[in-house]
Amino acid sequence: MSRFLLRRQKIQIQREDTAFDAYIIGKENAPAIVVVPEFWGVYFEVKNHAQKIASLAPGYRALIPDLYRGKVGLDVAEAQHLMESLDWPSAVKDIDASLNWLKSNGSSKVGITGFCLGGALSIASAVSVPEVDAVTAKQLEEKLESSGVPNEVNIYAGVGHAFLNVSPEGKQMRKNMGMNDDDPAAVELAWWKASALPTK
1 MSRFLLRRQK IQIQREDTAF DAYIIGKENA PAIVVVPEFW GVYFEVKNHA
51 QKIASLAPGY RALIPDLYRG KVGLDVAEAQ HLMESLDWPS AVKDIDASLN
101 WLKSNGSSKV GITGFCLGGA LSIASAVSVP EVDAVTAKQL EEKLESSGVP
151 NEVNIYAGVG HAFLNVSPEG KQMRKNMGMN DDDPAAVELA WWKASALPTK
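Per full-length UniProt numbering, numbering of the sequence shown is gapless, rising by one per residue and ending at 200.
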């Protein structure tokens, strides 16, 4: 497979009486994934994840909504403050507007994924409620199954939070926060499973 560099483009998405920036990367008219950022905001690692998603065969689009309106957490305290100050109902509306933007701009199949804070927001967006009680992945899977909601829950035993953050900077950030070392097999398996999501 030949390697190629995908170019990320900054766009603006309008919803109701506000607009927000987003970053899109990948093939036009391809299946698409909204990539909801971690509590850091739109920083290098979530951009790496979007790049990876867009480069998966046969080719996808990835869109990162800027939920913090241009702010990025440069350290844990700042990221924590940004996350705690986030208006969740508004963030869910941004995510929904991102999905709608993709649909109206050539992507017939769309999905959503999130990392850290983005995982919870992805669930909140998927169920269209402003708040979601914290549940374990297994409980979530059972609730979705009993409700007849198509789903796929993957649990990666033994890996720590943010285990997909494998850039040198991401590894250092995890280490500074006392998180586990990376697990290359789990990372490879997670990306392999993610590559099939937009086609389901």
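Where a beta carbon is used, it is the ideal one built from N, C-alpha and C, also for glycine. Every value quoted in this text rests on a predicted model; they were computed, and no experiment measured them.
As computed with DSSP, arginine 15 is found in a beta bridge with Thr18. The three-state secondary structure of proline 65, taken from DSSP, is strand. Contact between the stretch 7-21 and the stretch 78-88 is not established, with fewer than three Cβ pairs separated by less than 8 Å.
Alanine 62 is positioned such that its CB atom lies closer than 7 Å to that of isoleucine 25. Contact annotation: aspartate 94 and leucine 67 have beta-carbon atoms nearer than 7 Å.
For the set Ser146, His161, Trp101, the Cα lying nearest the Cα of aspartate 21 is the one of Trp101. The residues Ser167, in chain order, have a CB closer than 7 Å to that of asparagine 48 in the same chain once the five nearest residues on each side in sequence are set aside.
Per DSSP, isoleucine 155 lies in no beta strand (DSSP E) and is assigned neither H nor E.
In the three-state reduction of the DSSP assignment, alanine 32 falls in the strand class. Beta-bridge annotation (DSSP): glutamine 9 is paired with Ile24. Secondary structure of glycine 148 (DSSP, three-state): coil.
By the neighbour-count criterion, in which 16 or more other beta carbons inside 10 Å mark a residue as buried, leucine 74 falls on the exposed side. One Cα belongs to alanine 32, the other to glutamate 145, and the distance between them is close to 24 Å. If you draw a straight line from the Cα of tryptophan 40 to the Cα of glycine 170, it comes to about 12 Å.
Selection Ser147, Ala97, Lys27 evaluated against glutamine 9 yields Lys27 as nearest (Cα-Cα). One alpha carbon belongs to serine 195, the other to glutamate 142, and they sit about 24 Å apart. In the same chain as phenylalanine 115, and ignoring 5 residues on each side of it, the C-beta atoms closer than 6 Å to its own belong to Glu38, in chain order.
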